[in-house]
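Take a look at the structure below.
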Amino acid sequence: MIKKAEFVVSNTNPEKCPKPDRAEIAFIGRSNVGKSSLINMITGVKELAKTSQKPGKTQLINHFMINDQWYMVDLPGYGFAKVSKDTRENWEKMISTYLTKRTNLCGVFILIDSRLEPQKIDLEFLLWCGTEGVPAALIFTKADKQSKTQTDKNVKAFLKKTEEIFEEAPDYFVTSAEKGQGKEEVIGFIEQLVEEFKAEQSN
């Protein structure tokens with residue numbers, strides 16, 4: 001249950017993130033996948049993450065404190081078409097440093113647009129996470145934008161691709177920010193990760 005969500009800090013330097021003394025859950029996805037809307041839906045705070053019609057709005061690592069207990073992190077998207085090569089390389093370096101060096105990172109949700117067939121860039125990012133030992137789960141977004149049959153078909157196709165890479169599919173959730181679909185399941189999964197982190201810390 002999320003009762004309180006507050007913005008803490010934005011920055012471009014992973015070393016300047018808050019002290020890694022509590023569990024941290026990050027959200028990442030391709031530009032325009034509906035990340036801000038999903039974060040706002042999960043936390044129940046309408047303007048927490050800034051939504052924008054313009055892809056690539058999140059260019060910083062944004063930390064939010066949830067229930068005064070753990071951090072939720074909104075990461076820049078990947079796969080920007082409209083930025084310079086240098087900018088993109090800087091973002092990629094920032095994201096990869098954050099994901100591989102952040103000691104309190106318990107889980108990363110990779111957001112996938114459920115309206116699309118499996119995209120190479122999403123599969124490549126998931127493979128990178130697997131190779132680097134980044135704990136990833138999938139969230140399929142915008143499930144309300146087409147029939148359940150079509151969503152199921154696209155989800156199934158994506159999971160099949162992940163099984164070809166990893167032998168087994170990662171944990172996944174199907175969501176709709178507009179309808180609130182998947183909210184409880186995602187929060188339940190996060191709470192489990194947070195509790196596991198706390199248990200490890202107290203040992």
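Number 142 in the UniProt record's numbering belongs to position 142 of the sequence shown; there are no gaps in the numbering.
Ideal Cβ positions, reconstructed from N, Cα and C, are used throughout, including at glycine.
All figures in this text were calculated on a predicted structure; none of them were measured in a lab.
Going by C-alpha positions, Gln69 is about 20 Å away from Leu75.
Between Cys129 and Glu196, the CB-CB gap reaches or exceeds 8 Å. Between the C-alpha atoms of Ile39 and Ala49 there is a straight-line separation of about 7 Å.
When the five nearest sequence neighbours on each side are left out, the beta carbons in the same chain lying within less than 8 Å of the beta carbon of Thr43 are those of Ile2, Ala5, Phe64, Ile66, Met72, in order along the chain. Under the three-state reduction of DSSP output, Arg30 falls in the strand class. Of the residues assessed, Gly133 falls on the exposed side of the cut-off, its CB having fewer than 16 other CB atoms within 10 angstroms. Met41 is positioned such that its CB atom lies no closer than 8 Å to that of Ala143. Distance check between Ala23 and each of Arg102, Met94, Lys85 places Arg102 closest, using alpha-carbon atoms only. With contacts defined as CB atoms closer than 8 Å, Leu138 and Pro170 qualify as a contacting pair. Nearest C-alpha to Asn90 among Ile61, Leu116, Gln181: Ile61.
Taking a 10 Å sphere around the C-beta of Gly182, we find 16 or more other C-beta atoms and assign the residue as buried. The C-alpha of Glu168 is placed about 18 Å away from the C-alpha of Gln119. According to the DSSP assignment, Cys106 belongs to the beta strand (DSSP E) that extends over 105–113.
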